[in-house]
Amino acid sequence: MSLRRLLNSFVDAGRGLKHVFKTEQNFRIQIFFGLLVFAGAMRFQLRNWELILLIILVLLVLLVEIFNTAFEKFSDLLKPRLHHYVGVVKDIMAGAVLITSLAALLIGVMIFYPHLVNIVK
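With the working numbering applied, the sequence shown corresponds to residues -17 to 103, in that order.
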């Protein structure tokens, strides 16, 4: 593998991320909330394992959204020739994003709740 080919791979990946960011509102919303989570993590000085878990969860939500977007783009190419199952599979992928996001939200609430309670007191 050459250095040039490796650098081209990074450029391609950046172009793909730029496309998802520009075209997918949900991705931008998820990045916004991810940044809020990291701001909260810095504000409350979470333990290392809590911060690591939050990083993994934010990345997981973003990755599932990217996979969902990639699948939607690919299936849109095939849609005219396929059955209504394309729509069903798109809904299933959206459901995967929803479940991942809800699980991340639940775990985030569990991590931040004690810190938020201390502020209210």
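Even for Gly, the Cβ is constructed at its ideal location relative to N, Cα and C.
| said: For residue 75, count the other beta carbons within 10 Å of its own beta carbon; 16 or more makes it buried, fewer makes it exposed. Which is it? | reply: Locating residue 75 in the sequence shown gives position 93, counting from the first residue. Label assigned to residue 75: buried.
For the segment 65 to 73 and the segment -7 to 2, state whether three or more C-beta atom pairs, one from each stretch, are separated by less than 8 Å. no
Measure the C-alpha to C-alpha separation of residue 9 and residue 49 and round it to an integer number of angstroms.
For this step, residue 9 is matched to residue 27 along the sequence shown. For this step, residue 49 is matched to residue 67 along the sequence shown. Each residue's Cα considered, the two are about 11 Å apart.
- State the Cα-Cα distance for the pair residue 44 and residue 12, rounded to the nearest angstrom. By 1-based counting over the sequence shown, the position of residue 44 is 62. By 1-based counting over the sequence shown, the position of residue 12 is 30. Taking the straight line joining both Cα atoms gives about 7 Å.
* Can you give the Cα-Cα distance for residue 78 and residue 85, rounded to whole angstroms? -> If you number the sequence shown from 1, residue 78 lands on position 96. If you number the sequence shown from 1, residue 85 lands on position 103. Going by the C-alpha atoms only, they are around 11 Å apart.
query = If you drop the 5 nearest sequence neighbours on each side, which residues of the same chain put their C-beta closer than 8 Å to that of residue 23?
reply = Here the question's residue 23 lines up with position 41 in the sequence shown. Taken in chain order, the residues that qualify are 32, 33 and 36.
Can you give me the C-alpha to C-alpha distance between residue 91 and residue 99, rounded to a whole angstrom?
Against the sequence shown, residue 91 aligns to sequence position 109. Against the sequence shown, residue 99 aligns to sequence position 117. The alpha-carbon atoms of residue 91 and residue 99 are separated by roughly 11 Å.
Cβ neighbours of residue 46 in the same chain (closer than 7 Å, five flanking residues each side left out)
Position 64 of the sequence shown, counted from the first residue, corresponds to residue 46. Around residue 46: 78, 79 and 82.
Label residue 19 either buried or exposed according to how many other C-beta atoms from any shown protein chain fall within 10 Å of its C-beta, with 16 as the threshold for buried.
Residue numbering aside, residue 19 sits at position 37 when the sequence shown is read from its first letter. Flag for residue 19 reads buried.
Exercise for the section: Whole angstroms is fine: what's the gap from residue 15's alpha carbon to residue 89's? Expected result: Position 33 of the sequence shown, counting from 1, holds the residue named residue 15. Position 107 of the sequence shown, counting from 1, holds the residue named residue 89. Cα to Cα, the separation comes out at about 14 Å.
* Asked: Are the Cβ atoms of residue 51 and residue 102 separated by less than 8 Å?
  -> Looking up residue 51 in the sequence shown gives position 69. Looking up residue 102 in the sequence shown gives position 120. Not in contact: residue 51 and residue 102 (Cβ atoms no closer than 8 Å).
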